[in-house]
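Asker:
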Amino acid sequence: MAETNDLQYADVHRDVVRSIVETGPRYYVTLVTAIGVTLLCFFFPWFYQLYYGLGAAGMNHPTVWGTYLASFIFWIGLSHSGTLLSCVLHLTNSPWRKAMYRSAEAMTLFSLMVAATFVMVHVGRPWFIHWAVPYPNQMEMWPNFRSPLMFDVMAITTYLTGSSIFIYIGTIPDFAAVRDRTTGWRNHMYALLSLGWRGTDKEWHCLHWAYTFLAVLIIPLAVSVHSIVSWDF
Numbered sequence: 006m007a008e009t010n011d012l013q014y015a016d017v018h019r020d021v022v023r024s025i026v027e028t029g030p031r032y033y034v035t036l037v038t039a040i041g042v043t044l045l046c047f048f049f050p051w052f053y054q055l056y057y058g059l060g061a062a063g064m065n066h067p068t069v070w071g072t073y074l075a076s077f078i079f080w081i082g083l084s085h086s087g088t089l090l091s092c093v094l095h096l097t098n099s100p101w102r103k104a105m106y107r108s109a110e111a112m113t114l115f116s117l118m119v120a121a122t123f124v125m126v127h128v129g130r131p132w133f134i135h136w137a138v139p140y141p142n143q144m145e146m147w148p149n150f151r152s153p154l155m156f157d158v159m160a161i162t163t164y165l166t167g168s169s170i171f172i173y174i175g176t177i178p179d180f181a182a183v184r185d186r187t188t189g190w191r192n193h194m195y196a197l198l199s200l201g202w203r204g205t206d207k208e209w210h211c212l213h214w215a216y217t218f219l220a221v222l223i224i225p226l227a228v229s230v231h232s233i234v235s236w237d238f
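Just remember that this note's numbering sits 5 ahead of the position in the sequence shown, which is counted from 1.
(1) Terminal residues of the continuous alpha helix (DSSP H) containing Glu110?
(2) Does the beta-carbon of Phe47 have 16 or more other beta-carbons within 10 angstroms, so that it is buried, or is it exposed?
(3) For Gly175, which option in Val34, Ala220, Leu154 has the closest C-alpha, if you only look at C-alpha atoms?
(4) Looking only at C-alpha atoms, which of Ile81, Glu208, Phe218 sits nearest to Val243?
(5) Between the alpha carbons of Leu55 and Gly63, how many angstroms are there, rounded?
(6) Roughly how many angstroms separate the alpha carbons of Thr163 and Leu94, rounded to a whole number?
(7) Straight-line CA distance for Thr205 to Met194?
(8) Between the C-alpha atoms of Pro178 and Thr122, what's the straight-line distance to the nearest angstrom?
(9) Just the Cα atoms here: how many angstroms apart are Thr225 and Ile161?
Have a look at this one:
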């Protein structure tokens, strides 16, 4: 059997940075096309619904929730399979976690964004979405905190905030690695995101304890969020 050299961190960093900075016109054309098609598939039926009302989605009496809330529950459940799994594997110190935890955490973040989109679409009149946020106003109007939609807003906001902080803390060393291998505006952007990370023993120690604290916090948070959104039905 031929000998193989162990993959070093420097090799991994070089390959990752190359995929970020060495992009040609084909990359941007593909990216813009994919984003354009996705937005078109979203905005066209949404504008159709805004014009004809929620009846276009099959919602009426007594079917007041429809597929939007069912899809919302699906994406909330999918988001739990990412960060929640990563937290459990981190606390149990599973060695095979490193191969997939970052993808799982990113899946949580994007799943929550999609879930929030379904809530906005279900409202029917999204220009009044700010009514779901409690803020002082001259009409002295406050959200109905007994409404399941208010439960959804608070659950998504809390879980999205916790998951975003959890993912960001774990990517600080990665931002620093990209910072050290880029120039120009990319260097300034990743320098800001890396928060001056230098990779000292003290920094790694603090990162580990912060990561562990958030993992312990997110596990009951994920359970409570899914318990809250289940009251939609």
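Glycine included, each C-beta is placed from N, C-alpha and C at the ideal position.
Remember, predicted model here, so these are calculated numbers, not experimental data.
Answerer: On the basis of the supplied data:
(1) Within the sequence shown, residue 110 is the residue found at index 105, counting from 1. That run of the alpha helix (DSSP H) goes 106-128.
(2) As a first step, residue 47 is located in the sequence shown; it is residue number 42 there, counting from the start. Exposed, because fewer than 16 other Cβ atoms sit within 10 Å of the Cβ of Phe47.
(3) Reading the sequence shown from its first residue, position 170 is the one you call residue 175. Nearest C-alpha to Gly175: Ala220.
(4) Because the chain is modelled from 6 through 238, residue 243 falls outside the range shown and cannot be assessed.
(5) Within the sequence shown, residue 55 is the residue found at index 50, counting from 1. Within the sequence shown, residue 63 is the residue found at index 58, counting from 1. Whole-angstrom Cα-Cα distance: 13 Å.
(6) The residue labelled residue 163 in the question sits at position 158 within the sequence shown. The residue labelled residue 94 in the question sits at position 89 within the sequence shown. Those two C-alpha atoms are separated by around 22 Å.
(7) On the sequence shown, position 200 is the one that residue 205 refers to. On the sequence shown, position 189 is the one that residue 194 refers to. Between Thr205 and Met194, the C-alpha separation is close to 21 Å.
(8) Position 173 of the sequence shown, counted from the first residue, corresponds to residue 178. Position 117 of the sequence shown, counted from the first residue, corresponds to residue 122. Going by the C-alpha atoms only, they are around 31 Å apart.
(9) Here the question's residue 225 lines up with position 220 in the sequence shown. Here the question's residue 161 lines up with position 156 in the sequence shown. The identity of residue 225 in the sequence shown is Pro, whereas the question assumes Thr. Between Pro225 and Ile161, the C-alpha separation is close to 14 Å.
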